[in-house]
Structures are given as structure tokens and as C-alpha cells.
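For the protein sequence lines, the chains are A and B, in the order given.
Counting in the numbering used here, the first sequence runs without a single skipped number right up to 594 at its last residue.
Counting in the numbering used here, the second sequence runs without a single skipped number right up to 413 at its last residue.
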Amino acid sequence: MLLAAALVAALWWLLDVTAANMAERGIRSGFDFLREPAGFAIGESLLPFDSTDSALWALAAGLANTLRVALPAILASTLLGTLIGLGRLSPNLLLRGLCAGYVETLRNVPLLLQLLAWYFVVTDLLPLASEALQVAPHVFLSKSGLAIPWLGGDAGVFDLPLRGEMNIVGGATLTPEFLALFLGLSLYTAAYVAETVRAGIQALPRGQSDAALALGLTRVQLFRLVLLPQALRSIIPPLTNQHLSLTKNASLAVAIGYPDLVSVANTTLNQTGRAAECIALIMAVYLILSLLTAWLSAWLERRSGRWAQRS
Amino acid sequence: MAQRLAGATQRALGATLMKPTTRDWLRRNLFSNAFSSVTTLALLAAALWWLPGLIDWLLLQAVFRPDAAACEAVHHAGACWGVVAEKYRVILFGRYPYEQQWRPLLATVLLLSVILASGLRLLPRNALLAAWTLALPGFLLLMGGGWFGLGRVGSDQWGGLPLTLLLATLGMLLALPLALLVALGRLSGLPLLRGLCTLYVELVRGVPLISVLFLASFLFPIILPQGYSIDVLLRVQAGIVLFAAAYLSETIRGGLQGVPAGQHDAAAALGLGRWQALRWIILPQALRAVVPSMMNSAVSIFKDTSLVTVVSMYELTGALSLALAGDAEWRSFHLEGYLFIGLIYWIGCYSMSRFSRGLERADGIPRAAA
Numbered sequence: 284m285l286l287a288a289a290l291v292a293a294l295w296w297l298l299d300v301t302a303a304n305m306a307e308r309g310i311r312s313g314f315d316f317l318r319e320p321a322g323f324a325i326g327e328s329l330l331p332f333d334s335t336d337s338a339l340w341a342l343a344a345g346l347a348n349t350l351r352v353a354l355p356a357i358l359a360s361t362l363l364g365t366l367i368g369l370g371r372l373s374p375n376l377l378l379r380g381l382c383a384g385y386v387e388t389l390r391n392v393p394l395l396l397q398l399l400a401w402y403f404v405v406t407d408l409l410p411l412a413s414e415a416l417q418v419a420p421h422v423f424l425s426k427s428g429l430a431i432p433w434l435g436g437d438a439g440v441f442d443l444p445l446r447g448e449m450n451i452v453g454g455a456t457l458t459p460e461f462l463a464l465f466l467g468l469s470l471y472t473a474a475y476v477a478e479t480v481r482a483g484i485q486a487l488p489r490g491q492s493d494a495a496l497a498l499g500l501t502r503v504q505l506f507r508l509v510l511l512p513q514a515l516r517s518i519i520p521p522l523t524n525q526h527l528s529l530t531k532n533a534s535l536a537v538a539i540g541y542p543d544l545v546s547v548a549n550t551t552l553n554q555t556g557r558a559a560e561c562i563a564l565i566m567a568v569y570l571i572l573s574l575l576t577a578w579l580s581a582w583l584e585r586r587s588g589r590w591a592q593r594s
Numbered sequence: 044m045a046q047r048l049a050g051a052t053q054r055a056l057g058a059t060l061m062k063p064t065t066r067d068w069l070r071r072n073l074f075s076n077a078f079s080s081v082t083t084l085a086l087l088a089a090a091l092w093w094l095p096g097l098i099d100w101l102l103l104q105a106v107f108r109p110d111a112a113a114c115e116a117v118h119h120a121g122a123c124w125g126v127v128a129e130k131y132r133v134i135l136f137g138r139y140p141y142e143q144q145w146r147p148l149l150a151t152v153l154l155l156s157v158i159l160a161s162g163l164r165l166l167p168r169n170a171l172l173a174a175w176t177l178a179l180p181g182f183l184l185l186m187g188g189g190w191f192g193l194g195r196v197g198s199d200q201w202g203g204l205p206l207t208l209l210l211a212t213l214g215m216l217l218a219l220p221l222a223l224l225v226a227l228g229r230l231s232g233l234p235l236l237r238g239l240c241t242l243y244v245e246l247v248r249g250v251p252l253i254s255v256l257f258l259a260s261f262l263f264p265i266i267l268p269q270g271y272s273i274d275v276l277l278r279v280q281a282g283i284v285l286f287a288a289a290y291l292s293e294t295i296r297g298g299l300q301g302v303p304a305g306q307h308d309a310a311a312a313l314g315l316g317r318w319q320a321l322r323w324i325i326l327p328q329a330l331r332a333v334v335p336s337m338m339n340s341a342v343s344i345f346k347d348t349s350l351v352t353v354v355s356m357y358e359l360t361g362a363l364s365l366a367l368a369g370d371a372e373w374r375s376f377h378l379e380g381y382l383f384i385g386l387i388y389w390i391g392c393y394s395m396s397r398f399s400r401g402l403e404r405a406d407g408i409p410r411a412a413a
């Protein structure tokens, strides 16, 4: 009772002070700014956007950009991380050492630093678009980004990038900002995924591998049929946590100028001065994402439980 | 005689066993089956292919003198460590006045030695406590000045490694008590208190640190009464503490819940009150069990301090950009700069995680003296 009273009093005082401050500094409040034109451009966007569109639409484009980098990075980090985690359990000393070295290096350097370094590598050390590296047929890598074949175009089903006079023409281009963020997030999170996978498998009783090998299963069969299905149960909850941190870490985009939700909200904040509203919006969106992920994780856990029982 | 014979037999046996042992080792670790052999050969081939170039770049062709022209001349075929030689003062100390930089150096050494002494248990407990109570004010006085003829240096001019260390150390030290209170709150019998603590933890853990830092730097000034203002360092520090405490409190709560119920009952049976039981029975066991996970949080906090760059503070990462971004002569050698501060972060994080693993292996933590 006392606690409740103290809480109400504290809140009252806080609101009072805040209102007085805002009146003093002439800060307006409310979410009406969301309907007004954003007044700034967004570097790249999945959703069609220009500066006369509303601020709300700008934030939606930002969220779409967050998901556009987070989802592929989640996929890539899970695949790479699983391979590295299995590599750390390999009987081969060199492979084991290499994978351990990867994990210990990537985990112990701040992600922001890695992102900045990748961004610098892409934008400064790669050749100009006129001398782009060809990494695969019709895939070109240069300071202007990565040109890849994409659906559509005049010639057929695929629009293929080709070397032009000064530039790469055709195809779709992944910007340097996207590339750096995608690479940084995937490689960093893969180190954590690797540890999660390794811990999940090592937690299984040793008898499981011994019995499987005694039955004449190969190592690949051992992992695919015996260890991974059982380990999945204990791997999935921490794994979805890693996916969630990856999505939260995508907010570091603001440091390299990729227009994700947080950097769009930051620009909006600087333009309108509505700090409380913009920060509240960022937090609300991330909380919803967290809740969705938690729900998805629980669902996956139930499914994997059934799968483990069946197989 | 018999002994000498036995020794000789052993030596002879050893000699015959020696050779197969090496081969066995090779077979077991590198060539256990076809796949393993292919992997070994492929990795060795890759190493032969890459290593010479890497060593060339890192050392043989690298330029170590602070000579931008010489660095340009090698066209990135060798690293330009000269950038570190030229800029290390700005990278390590940020915008701190140049001729006063012995102060942040001394402050860093002071704080690092207390941290090392705690980690390696070089001092008995009382001395350690005294060292900490002297080191932190000592650090702030050295950095801030304003006494004994030391000029005052505002916290907006602090930067580089000392700022990173301060944010991480204070972040951890201040987050711990808050986290303990929140963890106890989440286990309390009062529904309102429990709800509030749960709300705080879930809210903070659900959002990225950057949004908490924005909150600290944009919103704290608005919710303070008129006439009060706190400087940006304090605000950002508060943001880091609030963020770290949410994660730490979950760790501590795990430790508290891991203490067997019998311990509570036994303490009650001995006539200890709730707070006495908590202080003497429950907390020592709970905290001891979670020291390794708390070290992991410490590693995260240390890495997370790099984010304050985004709200315009010049800790290690920010100081590097400060040193290189505006300098046309050196700006093409950012990568070497990133590797340099990356190494500093790596040494810090790796030693902390080694320390934590050592604790886990030794099953922690020395038993209480009694």
C-alpha cells in the first residue's frame, strides 16, 4: 500500500516536472507528426518512399529495412554457426582449432568495430565500379556494392548484370551499407550460434555417440540422425535468443548509415524534436518483435519435441 | 641394482613406445579417416596459400614508421602500422589536452592494476576493498583535476581507453547492487513490486542498447527538474548501468532460485530472520554460483561501451574515428587502426572469458574462509 502510494507520488512528480520542462522549452508533444511529410530521403528502401511521404511511412520503410537485413543474416549465421559448432567437435585437430579460433576472435571484438571495419573494407579497399571484381558469372563486387542477377529485365526471366563503360549495368545491387551490415551481423552471430550448437550437443550423454558408432553409423549419420534431433530441444531456445539479439544488433546500422528503423527514427527525431515519441516507437516495435520471437520459439520447441519423439 | 634394471627396462620400453605414439597421435588427430585426411590436406594447402601473403602484409612489407608517404608507396601490399605510431595519443586518450595526457595514462594504469589485482587475487580481501575505494576516486580526481594545481579537464574532453575502462568498470560495479535489488524484487511476495521489477527487466531486455542510450542522452534532460543538469558522461553511464542491471538481475535471480529450499528452512530453524538468512546463508551461495555468468555479462558490457560512439562520445572506438576520419593523409589506413583497437578489446575480453572459464573449471570461487 505504502509502495503504491510512493509510486503514484513519484510518477506524478515526474510528469509534472517533465510537463514544466517541455512548456519552458516550447517542445510540443503527441504523435501528430507521424502524419506529416517526412521531409528527408531514405538511401534505400524495400517500400516505395520519397520525402513527401508521411513520417509513419518512413518508419515503416525503416522497419522493412531492418527485417530485410535481419532475416537473411539470421539464416546465414545459423547455417555458418552450425557448421562451425560441429567443426569444434570434429576429431580433426586443425579443423577444431580453426573453428575455435574463429569463435574466440569474433566473439571478443565489439560488433560495432567489426561493422565499421567491414564498411571500410567495402567502401575504401574494393576497386571502383569500372574495375569491379567478378566473383562469379554475372556477380560483380566493387566500391558501389554487389551486383547480382535478379528477376525481371527485358532479355528474359533473369536480369543479368554486365560490365558497362564506367559502371555495372543491370541486375540488382546490394549497397555497401547493406553488405557491411549483413556480413558483420552474420559473422558475429555465427560465433554465438556455434557455441550454442556445441553446448547443446556436448550436453547429450556420451553413450549416445558411442552407441551410434557401435551400431556402425558414420559420423554424418551420427550427427544427422542421433545427435542433432536430440540436441535441437536444448538448442532452440538459446538459438532464438541469438536471432533476437541479431535483430536488436541490426540497430547498429545507424553507425554506418544503413536506413534501418533506428536510424530512420533518429533522423525523424532530429527533424521534429519529438524525442520521447520517437524513442517510445523504437522501443515498442522492438518489444513487439521480442514477443513475437518468444512466441515463435515456444511453438518451435513444441514442434521439435514432437519431431524428436517421432524420429 | 634391481631399481637400475627397472629404470633401464622402462627407458627401453619408452623408446619403443615413443615412435608409435607420435604416429598414433597424428592418426588420431589429423588422419582418422578419409574425410579427416582430406580436411587436413585442404587446410594445410590453404595455409600455405594464404599465410605467406598474410605475413607479408602484417610484417614483412609493413611500414612501421609514422610516414604517410612511405605508407602510400606500398599501396596496401603491406600494413601501415605507422598510422598507430602517428596517432596513438589521440586513439588512446581522445581529446584530452595533449600535454596533460600523463594523467589519463596514470589513471588507466591505476584502475587496470586494481582490476588485475582483484582477478589474480594478489591482495587479501580487506586490502582489495581499500584499493578499490581509493582507485575509483583517484581515477576521477586524476582525470577531472581541479586540485593540487592540476588543471580542471571537463568530462566532455575525456576519451579513449580510460573512458572505455571507466564506463565498463563503473557500469559493472553500479549495475550489480541494482541487479541484486531487482532480482530480490522479482522474488518478493508483494505483487506490485514483483510486477514492476519484471516490467523493468523485460522492457530493457527487449530493446536494443542504442535506444536506451538515446533515452539517456535525449530524455534525461527533459525529466529532470529545472535548474539541474547532468553531464553527458553521467547520463550515458546511467544508461549503461540500467541496461546491464536488467541482464545481470536475471543471472542473479537464477542463482537465488538455485539455492535449495532446505537452506531457507535450515536458516529459519536456526532462528535467523529473513534478512539475516539472506545475508549469511542464501546470498553467499547464490552469488558464488553465478560468478562465471556475471563475468560473461562483464565481457558484454566492455564490448557494449563501444556504442557510446553513437551518442558522440570519444571512447576507444570514437577516438579512432576522431583520429582518422578528418585527416586526409591517414584516412585510407583505417583498417590498421581498427585492427589495433580490436586487439585492445580482444585482450580485455579474452582474458575475462579465460578467467571465467578458470573459475568454472575449479568449480569456482574459493570457499568462504570460515
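From the three backbone atoms N, C-alpha and C, an ideal C-beta is built for every residue, glycine too.
Helix, strand or coil, according to DSSP, for residue i in the structure here?
i: residue 407 of chain B; result: Reliability of the predicted coordinates at residue 407 of chain B is poor, the pLDDT of 46 falling under 50, and no value is obtained from them.
i: residue 334 of chain A; result: coil
i: residue 594 of chain A; result: Summary for residue 594 of chain A: the model assigns pLDDT 49, below 50, so the residue's position carries little reliability; its value from the coordinates is reported in the next sentence. Residue state, collapsed to three classes: coil.
i: residue 458 of chain A; result: coil
i: residue 323 of chain B; result: helix
i: residue 314 of chain A; result: coil
i: residue 313 of chain B; result: coil
i: residue 537 of chain A; result: helix
i: residue 445 of chain A; result: strand
i: residue 325 of chain A; result: coil
i: residue 585 of chain A; result: helix
i: residue 434 of chain A; result: strand
Which two residues bound the contiguous beta strand (DSSP E) that contains residue i?
i: residue 416 of chain A; result: 416-419
i: residue 172 of chain B; result: Here residue 172 of chain B belongs to no beta strand (DSSP E); instead the alpha helix (DSSP H) covers 168-187.
i: residue 102 of chain B; result: Segment: none, residue 102 of chain B is in no beta strand (DSSP E) and carries neither H nor E.
i: residue 156 of chain B; result: Here residue 156 of chain B belongs to no beta strand (DSSP E); instead the alpha helix (DSSP H) covers 145-163.
i: residue 422 of chain A; result: 422-425
i: residue 431 of chain A; result: 428-431
Which stretch, first to last residue, makes up the alpha helix (DSSP H) that contains residue i?
i: residue 286 of chain B; result: 275-301
i: residue 266 of chain B; result: 263-266
i: residue 528 of chain A; result: 511-532
i: residue 386 of chain A; result: 376-390
i: residue 550 of chain A; result: 544-555
i: residue 131 of chain B; result: 125-136
i: residue 397 of chain A; result: 394-403
i: residue 115 of chain B; result: 111-116
i: residue 234 of chain B; result: 234-249
i: residue 350 of chain B; result: Looking at the DSSP string, residue 350 of chain B is not in any alpha helix (DSSP H), and its letter there is neither H nor E.
So which residues on chain D does residue i lean against when the C-beta distance must stay under 9 Å?
i: residue 261 of chain B; result: The structure shown contains no chain D; the protein chains it does contain are A and B.
Decide if residue i is buried, meaning its Cβ has at least 16 other Cβ atoms within 10 Å, or exposed.
i: residue 329 of chain A; result: exposed
i: residue 377 of chain B; result: buried
i: residue 141 of chain B; result: exposed
i: residue 408 of chain A; result: exposed
i: residue 319 of chain B; result: exposed
i: residue 335 of chain A; result: exposed
i: residue 189 of chain B; result: exposed
i: residue 373 of chain B; result: buried
i: residue 544 of chain A; result: buried
i: residue 307 of chain A; result: exposed
i: residue 134 of chain B; result: buried
For residue i and residue j, I'd like the C-alpha separation in whole angstroms.
i: residue 489 of chain A; j: residue 496 of chain A; result: 11 Å
i: residue 466 of chain A; j: residue 375 of chain B; result: 21 Å
i: residue 369 of chain A; j: residue 145 of chain B; result: 48 Å
i: residue 236 of chain B; j: residue 224 of chain B; result: 11 Å
i: residue 256 of chain B; j: residue 103 of chain B; result: 43 Å
i: residue 121 of chain B; j: residue 128 of chain B; result: 15 Å
i: residue 191 of chain B; j: residue 161 of chain B; result: 29 Å
i: residue 398 of chain B; j: residue 345 of chain B; result: 15 Å
i: residue 392 of chain A; j: residue 351 of chain B; result: 15 Å
i: residue 393 of chain B; j: residue 139 of chain B; result: 28 Å
i: residue 259 of chain B; j: residue 77 of chain B; result: 58 Å
Using 8 Å as the cut-off, can you tell me whether the segment 373-380 of chain A makes contact with the segment 390-410 of chain A, which would need three or more C-beta pairs spanning the two stretches below that distance? Cβ pair count under 8 Å is below three, so no.
Evaluate the contact criterion for the segment 355-369 of chain A versus the segment 466-481 of chain A: three or more CB pairs, one atom per stretch, below 8 Å. yes
Could you tell me whether the segment 311-331 of chain A touches the segment 518-532 of chain A, where touching means 3 or more Cβ pairs closer than 8 Å? The way I'd put it, the segment 311-331 of chain A doesn't touch the segment 518-532 of chain A; fewer than three beta-carbon pairs between them come closer than 8 Å.
Counting Cβ pairs, one atom from each stretch, are 3 or more of them under 8 Å apart for the segment 280-291 of chain B and the segment 575-584 of chain A? No: the two stretches stay apart, fewer than three of their Cβ pairs being nearer than 8 Å.
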